[in-house]
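Asks:
Residue numbers (our numbering): 1 to 269.
#1: For the beta strand (DSSP E) containing residue 131, list its first residue and its last residue.
#2: Is residue 185 buried or exposed, if buried means 16 or more other CB atoms sit within 10 Å of its CB?
#3: Run through DSSP, which three-state label would residue 6 get?
#4: Take residue 231 and list the residues in its own chain whose beta-carbon comes closer than 8 angstroms to its own, dropping the five residues that flank it on each side.
#5: Can you check whether the CB of residue 86 is closer than 8 angstroms to the CB of residue 147?
#6: For the alpha helix (DSSP H) holding residue 26, just list the boundary residues, first then last.
#7: State the start and end residues of the unbroken alpha helix (DSSP H) segment that holds residue 227.
#8: May I ask which residues mark the beginning and end of the beta strand (DSSP E) holding residue 42?
#9: Beta strand (DSSP E) containing residue 62: first to last residue?
#10: Let me confirm a value: residue 6 is counted as buried when at least 16 other C-beta atoms fall within 10 Å, else exposed. Which label applies?
#11: Less than 8 angstroms between the C-beta atoms of residue 137 and residue 195, yes or no?
#12: Among the candidates 165, 62, 107, whose CA atom is the shortest distance from the CA of residue 69?
#13: Please specify which runs of the beta strand (DSSP E), each continuous and at least 3 residues long, are wholly inside the segment 159-205, giving them in chain order.
#14: Give the straight-line distance between the Cα atoms of residue 114 and residue 105, rounded to the nearest whole angstrom.
#15: For residue 44, which residues of its own chain have a beta-carbon under 8 angstroms away from its beta-carbon, when the five flanking residues on both sides are left out?
#16: Could you compute how far the alpha carbon of residue 128 sits from the alpha carbon of residue 205?
#17: Just to confirm the assignment, what range does the beta strand (DSSP E) spanning residue 21 have?
#18: If we count the other Cβ atoms within 10 Å of its Cβ and call it buried at 16 or more, is residue 213 buried or exposed?
#19: Nearest-angstrom Cα distance between residue 16 and residue 49?
#20: On the DSSP bridge list, what partners appear for residue 212?
#21: Would you tell me roughly how many angstroms separate the C-alpha atoms of residue 46 and residue 18, rounded to the nearest one?
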C-alpha cells in the first residue's frame with residue numbers, strides 16, 4: 001500500500017519511544033490514519049533526532065490489517081465512527097512492533113474487548129466507560145472509551161488545588177472490588193492507569209492485563225507497583241497494588257525503591 005501520509009508534525013504520530021533488542025537501542029514510531037491503516041517505522045536511536053518529517057514518512061511501512069487487528073467475534077458491540085464525539089479510541093500498541101509480536105497484539109485487543117463487554121452489562125462509575133468497538137471489514141480497529149484530561153500521577157504533581165486522596169482511594173478500591181466480584185483481576189493498577197476528570201472523579205483504565213482469575217497473562221504489572229513477577233491473573237496482585245498506591249498518595253511508599261529491589265532480584269536469577 002502506497003498512500004500519502006497526512007503527517008504535518010511529529011505530534012501526529014501515534015507513538016514514539018525507545019526500545020532495545022538484540023541489535024541494540026532503537027527509536028520506534030507509528031502512525032494510524034483516519035481510515036485505520038497502520039504504519040510502523042524504526043531507526044537506530046542515535047539517528048532519530050536528525051530525522052526530518054519527510055524521513056519519518058519514508059521509514060513508515062504499512063502493516064496489513066490482518067496482521068494486527070483481530071477478527072470481531074459474534075455479538076461484539078459495534079460503534080460507527082460517525083457517532084463518535086471526541087471519545088478516545090484505544091488501538092493496538094505498536095511500540096517495538098515485529099511480526100512475532102503481532103498475534104499477541106491481536107489477542108490483547110480481543111481480550112480487552114471481552115472484558116469491556118462484560119463491564120458494559122455490569123458497569124461501575126469508577127471504571128472507564130466503554131462504548132463499543134470500531135470495526136472495519138470484520139476486524140476490530142479499536143475500543144471506544146471515554147476521554148480523560150489527566151491521570152493520577154499527573155494530578156498529584158499539580159499542587160494548584162487540593163485533592164481528596166481518601167476519596168480517590170475509596171473510589172479505586174470500590175472499582176477494584178467490582179472487578180473481583182466479576183471474577184477478574186486488573187493486574188496492572190498504578191497511578192498512570194487511574195484517570196482523573198476536571199472534577200477529580202477517578203476511573204481505573206487500561207484493562208489490557210485484566211483477565212479471569214487464574215488465566216495466563218500476555219502482559220503483566222508495572223514494575224514499582226508489583227511485589228513480584230507473575231504470569232497469571234490473581235486477585236492478590238490488585239490488593240498489593242492498592243496498598244502501594246495508597247502509600248504513594250500518603251508519601252510512605254516510593255515505587256523507585258521497589259523497582260530497584262525487583263530488578264536486583266531479577267539479576268540475581
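Backbone N, C-alpha and C fix where the C-beta goes; we use that ideal spot for every residue, glycine too.
Replies: Reading it off the structure:
#1: Taking the first residue of the chain shown as 1, we reach residue 131 at position 131. Annotation for residue 131: the continuous beta strand (DSSP E) segment containing it runs 130-136.
#2: Along the chain shown, one-based indexing puts residue 185 at 185. Residue 185 comes out buried.
#3: By one-based count along the chain shown, residue 6 stands at place 6. Judged by DSSP in its simplified three-state form, residue 6 adopts coil rather than helix or strand.
#4: One-based indexing of the chain shown puts residue 231 at position 231. Counting only Cβ-Cβ distances below 8 angstroms, and skipping sequence neighbours, we find 216, 217, 220.
#5: Residue numbering aside, residue 147 sits at position 147 when the chain shown is read from its first letter. Residue numbering aside, residue 86 sits at position 86 when the chain shown is read from its first letter. Yes.
#6: For the purposes of this step, residue 26 is taken as residue 26 along the chain shown, with counting starting at 1. Element bounds for residue 26: not the alpha helix (DSSP H) but the beta strand (DSSP E), 24-32.
#7: On the chain shown, residue 227 is found 227 positions in, with the first residue counted as 1. From DSSP, residue 227 is part of no alpha helix (DSSP H); its letter is neither H nor E.
#8: Walking along the chain shown from the start, residue 42 turns up at place 42. Per DSSP, residue 42 belongs to the beta strand (DSSP E) from 38-44.
#9: Your numbering for residue 62 matches position 62 in the chain shown. Residues 61-63.
#10: Within the chain shown, residue 6 is the residue found at index 6, counting from 1. Residue 6 counts as exposed, since fewer than 16 other beta carbons sit within 10 angstroms of its beta carbon.
#11: For this step, residue 137 is matched to residue 137 along the chain shown. For this step, residue 195 is matched to residue 195 along the chain shown. In this structure, residue 137 sits away from residue 195, with a CB-CB distance that is not shorter than 8 angstroms.
#12: Translated into the one-based positions of the chain shown, residue 69 becomes position 69. Among 165, 62, 107, the Cα nearest to that of residue 69 is on 107.
#13: Residue ranges of uninterrupted beta strand (DSSP E) with 3 or more members, entirely inside the segment 159-205 and ordered along the chain, are 194-196, 202-204.
#14: Within the chain shown, numbered from 1, the residue matching residue 114 stands at position 114. Within the chain shown, numbered from 1, the residue matching residue 105 stands at position 105. In this structure, the alpha-carbon of residue 114 lies about 14 angstroms from that of residue 105.
#15: Translated into the one-based positions of the chain shown, residue 44 becomes position 44. Taking C-beta separations shorter than 8 angstroms and ignoring five residues to either side along the sequence, the partners of residue 44 in its chain run 24, 25, 26, 27, following chain order.
#16: In the chain shown, residue 128 corresponds to position 128, counting from 1. In the chain shown, residue 205 corresponds to position 205, counting from 1. Whole-angstrom Cα-Cα distance: 6 angstroms.
#17: Here the question's residue 21 lines up with position 21 in the chain shown. Counting along the chain, the beta strand (DSSP E) containing residue 21 begins and ends at 15-21.
#18: The residue you call residue 213 lines up with position 213 of the chain shown. Answer is exposed; the Cβ neighbour count stays below 16.
#19: Position 16 of the chain shown, counted from the start, is the residue given in the question as residue 16. Position 49 of the chain shown, counted from the start, is the residue given in the question as residue 49. Roughly 12 angstroms separates the two Cα atoms.
#20: The count along the chain shown starts at 1 and reaches residue 212 at position 212. In the DSSP output, where bridge partners are listed per residue, residue 212 has 184.
#21: Counting from one through the chain shown, the residue named residue 46 turns up at place 46. Counting from one through the chain shown, the residue named residue 18 turns up at place 18. Taking the straight line joining both Cα atoms gives about 10 angstroms.
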